[in-house]
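Residue numbers (UniProt numbering): 1 to 400.
Structural data, given as structure tokens:
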């Protein structure tokens with residue numbers, strides 16, 4: 001952050017918006033991917049879009065959870081653990097419930113329409129399937145899984161901070177702080193290595209759980225990725241906010257970091273193309289390395305070039321949460337329409353991304369006009385007018 005400027009770290013806003021908005025090209029690319037699964041597939045595939053989807057899958061969500069953890073640490077520092085945690089339940093829990101109830105059945109209905117468009121489902125069967133679409137199930141969650149994951153991570157973070165303040169653990173916390181000050185390079189290395197080891201552990205434990213045949217372990221196998229997978233990135237983000245020296249060491253990168261990120265992403269994409277729709281320990285390993293390196297690189301780029309107020313970044317940050325909630329069913333709808341049209345996949349992809357972004361942004365503006373709708377879909381109350389003093393209050397209202 002540049003000296004002499006306000007304490008608000010402006011570069012996080014465009015980075016946070018970018019990571020959420022990347023969900024649009026990522027999910028749209030899956031329509032045409034021959035290596036990654038998705039609920040709707042076009043008749044045609046695209047090697048370019050397959051590579052794009054596989055590349056985005058390596059770093060998009062890890063970087064998002066790291067940023068979310070950083071913002072969590074920031075708000076805890078300003079408001080305290082208890083007010084922050086209560087706020088999280090409202091800001092994340094309420095939109096999750098509302099979106100699941102509205103978008104869940106709608107998306108299942110759109111999947112039925114896609115099946116009809118491809119000829120996989122007889123049109124007459126649609127009315128017969130309607131009662132099943134309205135029956136609550138885990139299928140309603142779909143892309144909204146990140147909200148309960150964030151809530152669970154937040155509860156864990158608040159619990160860890162609470163324990164660290166209890167008398168039996170204060171000395172351990174102080175010792176940890178002294179070791180961090182004495183051996184910053186060691187802790188920096190640990191921050192880079194631990195997420196990789198964690199992802200390998202989640203992958204291995206999921207495989208073992210799947211082989212047991214036990215219902216509880218099978219549930220763990222299904223839930224561990226993604227719900228447990230991104231926990232270290234969230235906690236690392238919170239830790240980086242609490243230790244500025246460690247943060248600056250983490251975010252300062254160079255050509256070597258870029259080479260590692262590019263090489264790991266390229267290797268992950270190659271492995272994905274060689275073994276479509278499957279996972280492997282090597283793929284998990286290089287994807288985790290790519291996630292750490294790319295996250296560092298993105299933060300450094302944002303810090304270097306976007307540490308200034310931007311009206312466009314502010315608007316997109318304000319809209320990004322709503323856009324992410326709504327983009328998934330919109331891609332379902334537009335993807336189904338393009339099943340009926342034969343255009344080059346790249347052209348269809350570009351149209352779908354543009355139409356989805358534009359439509360979701362318009363819907364967000366409509367939601368902002370209603371205090372009730374804004375509260376239900378964003379978990380925030382409509383910000384008061386700032387009297388021309390800038391975007392500080394609005395930005396604080398959208399912190400997640």
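No residue lacks a Cβ here, since even glycine has one placed at the ideal position from N, Cα and C.
Looking only at C-alpha atoms, which of the options sits nearest to residue i?
{"i": "residue 190", "options": "246, 116, 351", "result": "246"}
{"i": "residue 56", "options": "153, 294, 17, 214", "result": "294"}
{"i": "residue 9", "options": "41, 75, 42, 46", "result": "75"}
{"i": "residue 101", "options": "138, 68, 90", "result": "138"}
{"i": "residue 226", "options": "368, 203, 242", "result": "203"}
{"i": "residue 116", "options": "339, 280, 71", "result": "339"}
{"i": "residue 327", "options": "279, 355, 70, 272", "result": "355"}
{"i": "residue 113", "options": "77, 331, 376, 150", "result": "331"}
{"i": "residue 285", "options": "199, 179, 19, 24", "result": "199"}
{"i": "residue 136", "options": "108, 124, 150, 248", "result": "108"}
{"i": "residue 362", "options": "281, 122, 320", "result": "320"}
{"i": "residue 262", "options": "314, 280, 370, 290", "result": "290"}
{"i": "residue 28", "options": "350, 133, 341, 230", "result": "350"}
{"i": "residue 103", "options": "166, 133, 38", "result": "133"}
{"i": "residue 50", "options": "277, 341, 333, 249", "result": "277"}
{"i": "residue 131", "options": "124, 142, 105", "result": "105"}
{"i": "residue 248", "options": "281, 207, 187, 208", "result": "187"}
{"i": "residue 152", "options": "166, 193, 230, 124", "result": "230"}
{"i": "residue 48", "options": "259, 118, 250, 348", "result": "348"}
{"i": "residue 140", "options": "175, 184, 182, 97", "result": "97"}
{"i": "residue 341", "options": "357, 118, 142, 159", "result": "118"}
For residue i, collect the residues of the same chain with a Cβ closer than 8 Å to its Cβ; drop the 5 residues on either side in sequence, then sort them by chain order.
{"i": "residue 22", "result": "56, 60"}
{"i": "residue 310", "result": "10, 13, 14"}
{"i": "residue 238", "result": "69, 70, 72, 73, 76, 157"}
{"i": "residue 396", "result": "In this prediction, residue 396 scores a pLDDT of 38, lower than 50, which makes its location untrustworthy; the coordinate-derived value is nonetheless stated afterwards. There are no such residues."}
{"i": "residue 381", "result": "371, 374, 375, 397"}
{"i": "residue 1", "result": "Low confidence applies to residue 1: its pLDDT is 42, below 50, so where it sits in the model is not reliable, and the reading given next is rough at best. Excluding sequence neighbours, residue 1 sits near 9, 11, 303, 307."}
{"i": "residue 228", "result": "202"}
{"i": "residue 183", "result": "none"}
{"i": "residue 352", "result": "28, 31, 331, 334, 335, 338"}
{"i": "residue 126", "result": "112, 113, 116"}
So, at 7 Å on beta carbons, what are the nonlocal neighbours of residue i in its own chain, with the 5 sequence-adjacent residues on each side left out?
{"i": "residue 270", "result": "none"}
{"i": "residue 150", "result": "68, 92"}
{"i": "residue 410", "result": "For the chain, the structure presents residues 1 to 400; residue 410 sits outside this window and is missing."}
{"i": "residue 173", "result": "164"}
{"i": "residue 391", "result": "The pLDDT assigned to residue 391 is 37, lower than 50, so where the model puts this residue is not dependable, and the model offers no usable value."}
{"i": "residue 214", "result": "none"}
{"i": "residue 121", "result": "112, 115"}
{"i": "residue 250", "result": "188, 191, 240, 296"}
{"i": "residue 44", "result": "32, 345"}
{"i": "residue 123", "result": "116"}
{"i": "residue 282", "result": "271"}
Between which residues of its own chain and residue i is the CB-CB distance below 6 Å, once the five residues before and five after are set aside?
{"i": "residue 90", "result": "379"}
{"i": "residue 273", "result": "35"}
{"i": "residue 241", "result": "70, 73, 74"}
{"i": "residue 253", "result": "296, 297, 300"}
{"i": "residue 260", "result": "293"}
With distances taken between CB atoms, is the gap from residue i to residue j smaller than 8 Å?
{"i": "residue 92", "j": "residue 233", "result": "no"}
{"i": "residue 322", "j": "residue 16", "result": "no"}
{"i": "residue 336", "j": "residue 40", "result": "yes"}
{"i": "residue 32", "j": "residue 46", "result": "yes"}
{"i": "residue 329", "j": "residue 144", "result": "no"}
{"i": "residue 218", "j": "residue 210", "result": "yes"}
{"i": "residue 288", "j": "residue 195", "result": "yes"}
{"i": "residue 368", "j": "residue 374", "result": "yes"}
{"i": "residue 325", "j": "residue 99", "result": "yes"}
{"i": "residue 95", "j": "residue 19", "result": "no"}
{"i": "residue 298", "j": "residue 63", "result": "yes"}
{"i": "residue 345", "j": "residue 42", "result": "yes"}
{"i": "residue 264", "j": "residue 54", "result": "no"}
{"i": "residue 180", "j": "residue 243", "result": "yes"}
{"i": "residue 154", "j": "residue 88", "result": "yes"}
{"i": "residue 208", "j": "residue 81", "result": "no"}
Could you check whether the Cβ of residue i sits closer than 7 Å to any heavy atom belonging to the ligand MG?
{"i": "residue 184", "result": "Absence of the ligand MG is noted for the structure shown, with no ligands found whatsoever."}
Touch check for the stretch 214 to 229 and the stretch 298 to 306: three-plus C-beta pairs under 8 Å? No contact exists between the stretch 214 to 229 and the stretch 298 to 306.
At what residue ranges does the stretch 179 to 227 contain a whole run of the alpha helix (DSSP H), taking only runs of 4 or more? Runs found: 184 to 212, 215 to 223.
Give a yes or no on contact between the stretch 283 to 297 and the stretch 51 to 71, applying the rule of three or more CB pairs nearer than 8 Å. Because the criterion of three Cβ pairs below 8 Å is met, the stretch 283 to 297 and the stretch 51 to 71 touch.
Quick one: complete alpha helix (DSSP H) runs, 4+ long, within the stretch 283 to 341? If we require 4 residues or more, the alpha helix (DSSP H) runs fully inside the stretch 283 to 341 come out as 311 to 339.
Those runs of the beta strand (DSSP E) which lie wholly inside the stretch 47 to 106 and span at least 3 residues: Fully enclosed beta strand (DSSP E) runs of 3 or longer: not present.
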